[in-house]
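Peer 1: Residue numbering for the sequence shown follows the working numbering, beginning at 38 and increasing consecutively.
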Amino acid sequence: MVKKVVIVGAGPCGVLMAHYLLRRSDQYQIDLYDRLSDPRSIEFSKARTYRITLTERGISALGQIAEIETAVRAISLEIHGGIFHQENGKPRVTSRKKPFVTLDRTRLFITLLQKLTEKYDTSRLNLHFNHACTKVNFAAKTIAFQPTAQTSEAIDTSLTVKYDLLIGADGARSVVRSHFLNTDLFEFEQKYVPTDYKSIILLNSNQPSDIHLEPNRVHSWRSNDGTVVLLLHQPDSSMSGIISFSRVNNQVAALATPEAVLQFFHKKFPEVGKLMTPSEAEAFLQRSSSRVLTTRCSRYHHGDSTLIVGDAAYASVSPSLGQGCNAALEDVAIVDKLLDEYADNWAIAIAQFTIRRKADAHALAELSDNSYPSSAKLGIEFALREKLAKTLHQLFPNYFVPSLMDLVFERDVPYAEILHSYKGWIAKVKKSNQQFLEAS
Ligand SMILES: Cc1cc2nc3c(=O)[nH]c(=O)nc-3n(C[C@H](O)[C@H](O)[C@H](O)COP(=O)(O)OP(=O)(O)OC[C@H]3O[C@@H](n4cnc5c(N)ncnc54)[C@H](O)[C@@H]3O)c2cc1C
Numbered sequence: 038m039v040k041k042v043v044i045v046g047a048g049p050c051g052v053l054m055a056h057y058l059l060r061r062s063d064q065y066q067i068d069l070y071d072r073l074s075d076p077r078s079i080e081f082s083k084a085r086t087y088r089i090t091l092t093e094r095g096i097s098a099l100g101q102i103a104e105i106e107t108a109v110r111a112i113s114l115e116i117h118g119g120i121f122h123q124e125n126g127k128p129r130v131t132s133r134k135k136p137f138v139t140l141d142r143t144r145l146f147i148t149l150l151q152k153l154t155e156k157y158d159t160s161r162l163n164l165h166f167n168h169a170c171t172k173v174n175f176a177a178k179t180i181a182f183q184p185t186a187q188t189s190e191a192i193d194t195s196l197t198v199k200y201d202l203l204i205g206a207d208g209a210r211s212v213v214r215s216h217f218l219n220t221d222l223f224e225f226e227q228k229y230v231p232t233d234y235k236s237i238i239l240l241n242s243n244q245p246s247d248i249h250l251e252p253n254r255v256h257s258w259r260s261n262d263g264t265v266v267l268l269l270h271q272p273d274s275s276m277s278g279i280i281s282f283s284r285v286n287n288q289v290a291a292l293a294t295p296e297a298v299l300q301f302f303h304k305k306f307p308e309v310g311k312l313m314t315p316s317e318a319e320a321f322l323q324r325s326s327s328r329v330l331t332t333r334c335s336r337y338h339h340g341d342s343t344l345i346v347g348d349a350a351y352a353s354v355s356p357s358l359g360q361g362c363n364a365a366l367e368d369v370a371i372v373d374k375l376l377d378e379y380a381d382n383w384a385i386a387i388a389q390f391t392i393r394r395k396a397d398a399h400a401l402a403e404l405s406d407n408s409y410p411s412s413a414k415l416g417i418e419f420a421l422r423e424k425l426a427k428t429l430h431q432l433f434p435n436y437f438v439p440s441l442m443d444l445v446f447e448r449d450v451p452y453a454e455i456l457h458s459y460k461g462w463i464a465k466v467k468k469s470n471q472q473f474l475e476a477s
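1. Provide the residue(s) that pair with tyrosine 65 in DSSP beta bridges, ordered along the chain.
2. Over the uninterrupted beta strand (DSSP E) stretch that includes glycine 485, give me the two end residues.
3. Helix or strand or just coil, what does DSSP make of arginine 210?
4. Locate the beta strand (DSSP E) running through isoleucine 180, then write down its first and last residues.
5. List the DSSP bridge partners of tyrosine 229.
6. Whole angstroms is fine: what's the gap from serine 335's alpha carbon to phenylalanine 137's?
7. Does the region 267-284 touch the region 151-167, meaning 3 or more C-beta pairs lie closer than 8 Å?
8. DSSP three-state label for proline 410, please.
9. Determine the closest residue to aspartate 348 out of Lys424, Gln431, Asn241, Gly205, with distance taken between C-alpha atoms.
10. Report the CB separation of glutamate 106 from isoleucine 96 in whole angstroms; it is logged as a contact under 8 Å.
11. Between glutamine 472 and ligand 1, is there a pair consisting of the residue's CB and a ligand heavy atom that are separated by less than 8 Å?
12. Do the CB positions of tyrosine 409 and serine 236 come within less than 9 Å of each other?
13. Given a cut-off of 9 Å on the beta-carbon distance, is the pair isoleucine 248 and valine 266 in contact?
14. Using a 10 Å radius around the Cβ and a threshold of 16 neighbouring Cβ atoms, would you call isoleucine 44 buried or exposed?
15. With a threshold of 9 Å between beta carbons, is glutamine 66 in contact with chain B?
16. Runs of 4 residues minimum, wholly inside the region 274-333: which ones carry the alpha helix (DSSP H) assignment?
17. When you compare only the Cα positions, how much space is there between aspartate 449 and arginine 94?
18. Leucine 366 lies in the alpha helix (DSSP H); which residues open and close that run?
19. Rounding to the nearest angstrom, what Cα-Cα distance links methionine 313 and leucine 299 in this structure?
20. Would you kindly report the start and end of the unbroken beta strand (DSSP E) that includes isoleucine 248?
21. By a C-beta neighbour count over all protein chains shown, 10 Å radius and 16 as the cutoff for buried, is phenylalanine 433 buried or exposed?
22. Exposed or buried, which one is alanine 209 when buried takes at least 16 other CB atoms within 10 Å?
23. Among Arg77, Glu224, Ala176, whose alpha-carbon lies nearest the alpha-carbon of glutamine 151?
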């Protein structure tokens with residue numbers, strides 16, 4: 038019997054889920070909704086986007102769909118390690134045995150969408166952009182959408198559709214998840230991490246030769262108050278990234294003119310200041326700061342037909358750890374595996390998803406919040422620990438686990454296991470970050 042699946046959210050997780058379900062069998066018919074406009078129709082320079090890193094977890098989930106991994110690699114840069122630009126001007130270089138890739142988030146889901154529409158026609162797949170989910174009625178299995186402000190056509194009435202299966206892939210502020218709050222025994226916790234971030238885009242690819250800007254590496258700068266700049270090259274050798282900064286005593290929010298932006302970077306991060314042109318400083322000023330949400334839920338399914346995945350289920354999107362998208366893509370592969378195990382019995386498969394994923398999702402939130410210390414002193418300890426762990430593991434693999442970051446980047450190591458192996462360090466950073474926050 039045909040199952041009508043409604044997926045809310047055409048982010049990386051929602052679109053990959055459509056690929057996997059449509060590949061499973063023609064019993065699945067999909068309607069994919071997103072409140073935003075079709076990203077393929079927006080001029081790239083106007084897209085609100087940032088670069089993401091994809092490690093083994095995310096790449097292997099993409100790689101299970103024919104042609105996707107090749108298409109994604111074609112728009113990605115391979116990264117072989119990082120360069121920490123120290124205050125004394127000496128770069129500290131770290132290398133990774135297994136490279137990972139970085140790419141633009143919007144380009145990732147444009148690629149996923151293009152492949153989806155090339156493979157499936159409207160008899161099995163219908164895309165509905167500019168439709169925001171507003172209400173879910175679990176008992177009646179209906180979901181309501183409102184046209185959004187970006188709608189160009191005159192759709193002025195709300196739309197209610199019926200579903201057999203509902204998948205909420207609608208991100209950290211999920212409306213589907215918000216309806217779980219009215220159901221029995223659902224617990225939910227949400228908090229903002231104490232640092233905000235803002236995108237930096239440096240389009241000028243003429244970079245000064247006195248700054249060690251090797252491509253294929255993540256470049257980072259850190260100041261004593263815990264403000265961090267992360268920059269990566271784009272395929273055209275321009276650079277983009279973020280600055281993350283404490284919300285308390287927020288100097289970035291106080292910047293009011295392009296001159297003040299340049300002055301701020303020249304003083305705090307002189308190398309970044311050198312890289313930034315006045316027009317890039319102006320563009321930086323125009324961009325708004327973003328807040329990062331961490332959420333935890335006691336379950337990711339409701340009844341026999343509703344599932345939340347990706348950021349909707351457990352947003353823990355600390356940009357520094359770079360795992361939110363990887364985990365969201367991994368969720369899709371896990372759901373697929375469960376459907377194999379339980380012969381497409383959704384009632385069992387989605388309940389099992391909660392059981393199998395919860396410990397890892399909660400562990401990922403802990404790791405995201407507390408792997409990297411805010412204090413510069415502990416930052417040095419972190420780098421030394423990583424180096425030592427790598428060496429010891431290389432020499433005595435049976436006695437010493439790989440370094441924390443190597444484990445995070447691995448494909449098959451559950452986040453809960455990583456948290457267990459590094460619980461001492463995570464507890465230390467958590468305490469230190471708390472003290473750092475109170476003192477600032
Ligand atoms: C600055 C920054 C850097 C990051 N870097 C990395 C990184 O390097 N590596 C990594 O793995 N992760 C990274 N992340 C996290 C990553 O971006 C997210 O975890 C990932 O995008 C989650 O995918 P998703 O599909 O679950 O949700 P989203 O990407 O948030 O997509 C949700 C979709 O749902 C739509 N939607 C929302 N509400 C509604 C509604 N009511 N109705 C209809 N549609 C709706 C949205 O428009 C959106 O298209 C980063 C995050 C940030 C903020």
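Cβ coordinates follow ideal geometry from the N, Cα and C atoms, glycine included.
Peer 2: In short, the structure shows the following:
1. Tyrosine 65 is bridged to Lys40.
2. Any answer about residue 485 is impossible in this case: the structure gives the chain only from 38 up to 477.
3. In the structure shown, arginine 210 sits in coil (DSSP, three-state: anything other than H, G, I, E or B).
4. Taken as a continuous stretch (DSSP letters only), the beta strand (DSSP E) holding isoleucine 180 covers 179-184.
5. Tyrosine 229 is bridged to Leu330.
6. Answer to the nearest angstrom: the Cα atoms are 32 Å apart.
7. Proximity of the region 151-167 to the region 267-284 falls short of the contact definition, fewer than three beta-carbon pairs being nearer than 8 Å.
8. Coil, per DSSP.
9. Closest by alpha carbon: Gly205.
10. Right, the Cβ-Cβ distance comes to about 6 Å (below 8 Å), so this counts as a contact.
11. Ligand 1 never approaches glutamine 472 closely enough for any of its heavy atoms to be under 8 Å from the residue's Cβ.
12. Against a cut-off of 9 Å, the Cβ pair of serine 236 and tyrosine 409 comes out as no contact.
13. Cβ atoms of isoleucine 248 and valine 266: not closer than 9 Å.
14. By the neighbour-count rule (16 or more Cβ atoms within 10 Å), isoleucine 44 is buried.
15. No chain B is present in this structure, which holds just one protein chain.
16. Taking only runs of at least 4 residues, the alpha helix (DSSP H) segments lying wholly in the region 274-333 are 295-305, 307-312, 315-323.
17. Cα atoms of aspartate 449 and arginine 94: separation of roughly 7 Å, rounded to the nearest angstrom.
18. Run containing leucine 366: 361-378, per the alpha helix (DSSP H) assignment.
19. When rounded, the distance between both Cα atoms is 7 Å.
20. That residue, isoleucine 248, is in no beta strand (DSSP E); it is neither H nor E in DSSP.
21. Exposed, because fewer than 16 other Cβ atoms sit within 10 Å of the Cβ of phenylalanine 433.
22. Alanine 209 comes out buried.
23. Closest by alpha carbon: Arg77.
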